[in-house]
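Order-wise, the sequence lines are chains C and W. Start counting the first sequence at 836; every next residue gets the next number (our numbering). Start counting the second sequence at 7; every next residue gets the next number (our numbering). Virtual Cβ for every residue (Gly too), placed ideally from N, Cα, C. Step one of this worksheet: look at the structure below.
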Amino acid sequence: MNYRTVRNDELGESFVTFRHKSGLPVYVLPKERSHTFALLGVRFGAADRMFRVKGETEPTVLPDGVAHFLEHKMFEDENGGDAFERFAQTGADANAFTSAEETVYLFSATEKEEENLRILLDFVTHPYFTKETVAKEQGIIGEEIDMTNDEPGTMAYYNLLRALFAEHPVRREIVGTRESIAQITPELLYRCTDLFYRLSNMMLVGCGKLTPEAVERVCDELLPEEKEQIEIERLFPEEPETICKPYMRAEAEIARPLAEFAWKAIPAKTEEEKLRAWAANEITANLLFGRSSELGNRLYESGLIDDRFDGAFVQSFRLNYAYWLVSVSNDDPDRVKDEVLAEVERRKKQFFTREEFETARRVVYTDKLISFDSVESTAFAALSHWDSERDYLRDPGLLASIPYEEAFEIFKSTFRTDRTVMSVVVPNGSPRKE
Amino acid sequence: MKPIRSELADGIALTTMHTDRFKAALLTVRLLVPLRAETAAAYSLLTDVLTRGTEQYPTMQALSRRQDELYSANIGSFVQVRGETQILSFDLSVLEDRYAFDGTPVLREGMKLLRQIIFCPLTENGVFRADYVEQEKKNLIASIRSVINNKPGYALTRCRQTMCAGEPFAVDGNGTEADVEKITPESLTAFYHDVLQSAKVEIFYAGKKSHDELKSLVSELFPFTPRSASLLPAVLVPARAETQFITEQMDVAQCQMVLGFRMEQTEKETHPLAAVVFSMLFSDSPTSRLFMQVREKLHLCYFCSAVPNLYKKVMFVCCGLKKKNFEKAKSEVLAQLAELQSGKIGDEEFENAIRGCKSFFTSVQDDRYQIVYWALSRLLQNRSETPEESIEMLSGITKEDISEFASRIKLDTVYCLEGGAQ
């Protein structure tokens, strides 16, 4: 097998990567820890709802919530057992989650790492669905949907995405709705696993005590030779560069308004550009919204905000969207929005000083460095570079080297104050503002 | 990783755990006081006001900038409640010195900053600044009110408050809105001096430095004076003879069920790890009784989990569900508990629970916060075993230990938060 070892002495980190003959890309991240964390990512997320399979005339459109539904259902096998029971026998802790971009299955274990890896690879490659098990899950996920409907933060977040995007599937709820999941059948789930649960469409990351040799051995034992590829064209509707709606409002039983603001950006074209936008805007976000920021401290001292004020640049490498985000919980979100806008306009004319920039650079660099203390964060850092030509150990270096002038330019081009949206959740019965 | 503990003076102790695994170290100063309605709000407010400004760094921005300069050092100050003890916590997370490229002694400088926050607050004529106090009062009240935002959390709080009404355990770590309102800069300053002189002080460190190095840093930088501080154990109350039922309404999509239990105490001690093995078996894993039966078999809910409190010897079972399934879910939770009480525990589920606990104990040392929390929680239970020793103790535990522990758990209060108020 062709192992490729990547080492970064400055960080004291390294990893080994190879493509298994089954087509599965593998990353092994050694770390001296008592527990090992491994994840198997499947490139099938909530946003993958429309696609065309080569040879078929019509595109397939899935009901909302299929990827998440599959995540729940993959744990069961045809003998009525489930993967959780198998993990319990090795003392491992297993879980899974679904995002817009992918479905991730994971475990954390302090012993029998190879055995746990075997269980992980086995259950994610062996779907089993029946009418009964699907019906059962519709009940459980129905309760999960009700639970999220009672979360004001989640409500504000989805309303924000609906305001930002007219068409992009990221505006749809990952868990779906009670109505959409009622349309799910075993046949539909099998079709999705046939198409998307292919080893070449997955990524395995192990961080902790696993060795590349051990991982390869388990892969050899369990995984078939690479199958013929099915060509799937994932279809994304054309998303306008402009926003969908400037304002969204909802009511809930809460104490005071929760608000999210966003400014829609045009996503960078290439991976390199996206990485540079990430690095630059990490530093700029710290300057604008971090604990030392002039804006944050001024708003805090004037009593306009408390600790629940945060801002960041959000972008997706695969799903091609980007926006600046600010979240706040206070009595007067409109004023916060105005203050943020004024500060951004001011900084577009006069950026932060070089000295301030260098301090912020040190902060984000150190935070990144410390994140490698955790096997979980390290594994997720690797996963985030799924498509990347660049390895995740080069991220800190990019933070350390991105030039001041470039960061200023990136800030100006990504923070589009003419594309502002606001989503607010207010206490029940609050008066409407004009 | 055996913790090393030194009594630095009466009522002041330092516990260090040496570890070479991390790029960052954690030092935390904990002031332990009894949880009381009269003081809870003030102590909570204090942790907020102290980080507003110090003599040397009079604004939050100045304090934050200093943390940024110290390689993104992070000082967190907050209150926690453990049983009926309120803990004023001051955490300092810093890069290990060896990673500082300009040779800054980051831990030492971070501790100097922490010293400013704890010992040198910004005052005017010896009193906290009125504007800082007023503003933090407003923020704290907002935070108290926002408890309703999280419906399962709110339901749990309401069940605890009603089940334990009149006991210190019913007091919230942040106090009540009315308590906060009453605080003045003068009264807060008095609370500050009082807690600084009388609280039990426990300092913990997990990182690369030696115990002796820490000892000298603490002695040099933290001028705590000796005190006679002792903590009272939590008030233990038997379960009500007749179960209390409470229903409240709110505009919610999902009904929240909380079952409140008391753990009865007898002369005979249970196995020290019975509680944690019981929790694993009952609720804390995807193969536990509550997950397998209430969620997977009856599919009544998305979550159903037990929250035991070993300091206070109570337990709450929380579940979000449809109102029409309330009785069914409640009966099933009680039926599962009854099985464990009667000793109907399968070999496999028992072994799984032991392995789950072992795995949990083993991974404590992979996280510096977990390392410190472990030491703190042992201390509060008057215990001293390390995670490694706990693993050894697991080999002696039996199913009988678990059922004996489970038998002490008695239902006290049934709480229901339901929609339909609209």
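Between the options, which has its C-alpha nearest residue i's C-alpha?
| i | options | result |
| --- | --- | --- |
| Ala412(W) | Met269(W), Val300(W), Arg11(W) | Met269(W) |
| Asp1166(C) | Leu846(C), Ala1217(C), Ser1137(C) | Ser1137(C) |
| Leu146(W) | Asp1142(C), Ala881(C), Phe1207(C) | Asp1142(C) |
| Thr249(W) | Ile154(W), Phe175(W), Met399(W), Lys336(W) | Lys336(W) |
| Val1260(C) | Phe1243(C), Phe922(C), Pro987(C), Leu955(C) | Pro987(C) |
| Thr1188(C) | Glu1129(C), Leu1134(C), Pro962(C) | Glu1129(C) |
| Val1005(C) | Thr871(C), Leu1023(C), Ala944(C), Glu1074(C) | Glu1074(C) |
| Ala865(C) | Gly858(C), Val851(C), Glu936(C) | Here the sequence assigns Pro to residue 865(C), which means Ala is not the residue at that position. Among Gly858(C), Val851(C), Glu936(C), the Cα nearest to that of Pro865(C) belongs to Val851(C). |
| Gly977(C) | Cys1027(C), Gly1011(C), Glu1190(C), Gly1041(C) | Gly1011(C) |
| Ala1224(C) | Glu1107(C), Val1163(C), Arg1133(C) | Sequence check: residue 1224(C) is Glu here, not Ala. Nearest C-alpha to Glu1224(C): Glu1107(C). |
| Cys440(W) | Asp373(W), Arg361(W), Lys416(W), Lys330(W) | Outside the displayed span of chain W (7 to 428) sits residue 440(W), for which this structure offers no information. |
| Thr419(W) | Glu61(W), Ile252(W), Gly426(W), Tyr49(W) | Ile252(W) |
| Glu44(W) | Pro174(W), Gly425(W), Leu385(W) | Pro174(W) |
| Asn914(C) | Leu952(C), Thr965(C), Glu948(C), Leu955(C) | Thr965(C) |
| Ala1049(C) | Pro1262(C), Gly1264(C), Tyr838(C) | Tyr838(C) |
| Ser934(C) | Val969(C), Glu949(C), Val901(C), Gln924(C) | Val901(C) |
| Glu355(W) | Pro1168(C), Phe919(C), His903(C) | Phe919(C) |
| Asp97(W) | Glu273(W), Val378(W), Gly425(W), Lys157(W) | Val378(W) |
Determine the chain C residues that contact residue i at a beta-carbon separation under 8 Å, and present them in chain order.
| i | result |
| --- | --- |
| Leu258(W) | According to the sequence provided, residue 258(W) is Val. The question's Leu does not apply to it. Within chain C, the residues near Val258(W) are Asp985, Glu1088. |
| Arg71(W) | Ser1127, Thr1194 |
| Gly362(W) | Ala923, Gly926, Asp928 |
| Lys215(W) | By Cβ distance, chain C contributes nothing, its closest Cβ being about 17 Å from Lys215(W), past 8 Å. |
Listing by chain order, which chain W residues have their CB less than 8 Å from the CB of residue i?
| i | result |
| --- | --- |
| Lys966(C) | Chain W residues near Lys966(C): none, gap ~14 Å exceeds 8 Å. |
| Leu1204(C) | Lys29, Leu101, Tyr105 |
Under 7 Å between beta-carbons, which chain C residues line up against residue i? List them in chain order, please.
| i | result |
| --- | --- |
| Arg28(W) | In the sequence as displayed, the identity of residue 28(W) is Phe instead of Arg. In chain order: Asp1208. |
| Asn358(W) | Ala923, Gln924 |
| Met66(W) | Asn1132, Tyr1135 |
| Asn157(W) | In the sequence under discussion, the amino acid at residue 157(W) is Lys, which differs from the Asn named in the question. Asp985, listed in chain order. |
I'd like to know whether the C-beta of residue i is nearer than 8 Å to at least one C-beta of chain B.
| i | result |
| --- | --- |
| Ile975(C) | In the structure shown, chain B cannot be found, because the protein chains are C and W. |
Under 9 Å between beta-carbons, which chain W residues line up against residue i? List them in chain order, please.
| i | result |
| --- | --- |
| Asp1167(C) | Result: empty, since nearest Cβ-Cβ is about 12 Å, beyond 9 Å. |
| Thr1213(C) | Result: empty, since nearest Cβ-Cβ is about 11 Å, beyond 9 Å. |
At a CB-CB cut-off below 7 Å, which residues of chain W make contact with residue i?
| i | result |
| --- | --- |
| Lys971(C) | His305 |
| Thr1188(C) | In chain order: nothing, as chain W lies at least about 13 Å away. |
(Q) Please give the ranges of any alpha helix (DSSP H) in the region 926-999 of chain C, keeping only runs that are unbroken, at least 4 residues long and fully inside the region. (A) 948-959, 966-984, 987-999
(Q) Pairs of beta-carbons, one from the region 161-168 of chain W and one from the region 1152-1170 of chain C, closer than 8 Å: are there three or more? (A) no
**Q.** Chain-ordered residues of the region 270-294 of chain W with a beta carbon less than 8 Å from chain C
**A.** Ser291, Pro292, Thr293
Q: Please list the segments of the beta strand (DSSP E) lying wholly inside the region 1051-1118 of chain C, counting only runs of 3 or more residues, in order along the chain.
A: 1067-1069, 1082-1087, 1093-1100
Q.
Which complete beta strand (DSSP E) runs does the region 1198-1263 of chain C hold, if anything under 3 residues is left out?
A. 1255-1262
Q: Mind checking the region 1010-1029 of chain C against chain W and listing, in chain order, the residues whose C-beta falls within less than 8 Å of any C-beta there?
A: none
Q) At a Cβ cut of 7 Å, what residues of the region 141-155 of chain W count as close to chain C, listed as they run along the chain? A) Gln141, Lys144, Asn145, Ala148, Arg151, Ser152, Ile154, Asn155
**Q.** Positions along the region 1078-1106 of chain C whose CB lies within less than 8 Å of some CB in chain W
**A.** Ala1087, Glu1088, Ile1089, Ala1090, Arg1091, Leu1093
Q) Quick one: complete beta strand (DSSP E) runs, 3+ long, within the region 304-340 of chain W? A) 307-315, 320-327
Q.
Any contact between the region 228-238 of chain W and the region 8-20 of chain W? By contact I mean 3 or more CB pairs, one from each, below 8 Å.
A. yes
Q. Contact between the region 179-194 of chain W and the region 135-154 of chain W: three or more CB pairs below 8 Å?
A. yes
Q) Okay, do the region 896-907 of chain C and the region 1228-1241 of chain C touch, 3+ Cβ pairs below 8 Å being the bar? A) no
Q. At a Cβ cut of 9 Å, what residues of the region 365-387 of chain W count as close to chain C, listed as they run along the chain?
A. Ser365, Phe366, Phe367, Thr368, Ser369, Val370, Gln371, Asp372, Asp373, Arg374
Q. Going along the region 323-339 of chain W in order, which residues come within less than 8 Å of chain C, judged by CB to CB distance?
A. Gly326, Leu327, Lys328
Q) Okay, do the region 185-198 of chain W and the region 125-138 of chain W touch, 3+ Cβ pairs below 8 Å being the bar? A) yes
Q: May I ask you to list, following chain order, the residues of the region 890-919 of chain C that have a beta carbon less than 7 Å from some beta carbon of chain W?
A: Phe919
(Q) Counting beta carbon pairs with one atom in the region 304-311 of chain W and one in the region 967-983 of chain C, are three or more of them shorter than 8 Å? (A) yes
**Q.** At least three beta-carbon pairs within less than 8 Å, the region 1069-1084 of chain C to the region 1207-1214 of chain C
**A.** no
Q.
Does the region 208-216 of chain W come into contact with the region 48-60 of chain W, if we say contact requires no fewer than three beta-carbon pairs (one atom in each stretch) closer than 8 Å?
A. no
Q) If we count Cβ pairs, one from each stretch, closer than 8 Å, do we get three or more for the region 1052-1061 of chain C versus the region 872-884 of chain C? A) no
Q. Is it true that the region 285-304 of chain W meets the region 68-87 of chain W, where meeting means three or more beta-carbon pairs spaced less than 8 Å apart?
A. no
Q: Pick out the complete beta strand (DSSP E) segments inside the region 28-98 of chain W, 3 residues or longer, and give them in chain order.
A: 30-40, 80-88
Q. What residues in the region 864-893 of chain C bring their beta carbon closer than 8 Å to a beta carbon of chain W?
A. Glu867, Arg868, Ser869, His870
Q: Taking only runs that begin and end inside the region 161-231 of chain W, name each unbroken beta strand (DSSP E) of 3 or more residues, in chain order.
A: 206-213
**Q.** Length at least 3, wholly inside the region 1021-1046 of chain C: the beta strand (DSSP E) runs in chain order
**A.** 1037-1043
Q.
Counting only Cβ-Cβ distances shorter than 7 Å, please list the residues of the region 296-321 of chain W near chain C, keeping chain order.
A. Arg301, His305, Cys307, Tyr308
Q: With 7 Å as the limit, tell me which residues of the region 73-95 of chain W have their beta carbon closer than that to any beta carbon of chain C; keep them in chain order.
A: Asp74, Glu75, Tyr77, Ser78
Q: Decide if the region 1114-1128 of chain C is in contact with the region 1060-1070 of chain C; the criterion is three or more beta carbon pairs, one per stretch, under 8 Å apart.
A: no
Q) Looking at chain W, which residues of the region 1252-1269 of chain C have a Cβ within less than 7 Å of any of its Cβ atoms? A) Asn1263
Q) Taking Cβ-Cβ distances below 8 Å as the criterion, which residues of the region 100-111 of chain W are in contact with chain C? A) Leu101, Tyr105
Q.
Whether or not the region 952-968 of chain C and the region 391-403 of chain W are in contact is what I'm after, with contact meaning three or more pairs of Cβ atoms, one per stretch, closer than 8 Å; do they touch?
A. no
(Q) Three Cβ pairs or more, each shorter than 8 Å: is that satisfied between the region 901-921 of chain C and the region 1244-1257 of chain C? (A) no
Q. Should the region 847-863 of chain C be called in touch with the region 1028-1047 of chain C, which here means at least 3 C-beta pairs below 8 Å?
A. yes
Q | Secondary structure, beta strand (DSSP E): runs of 3+ residues fully inside the region 861-926 of chain C | A | 871-877, 885-888
Q.
For the region 943-959 of chain C, list every residue whose C-beta sits within 9 Å of some C-beta in chain W, in sequence order.
A. Ser943, Ala944, Thr945, Glu946
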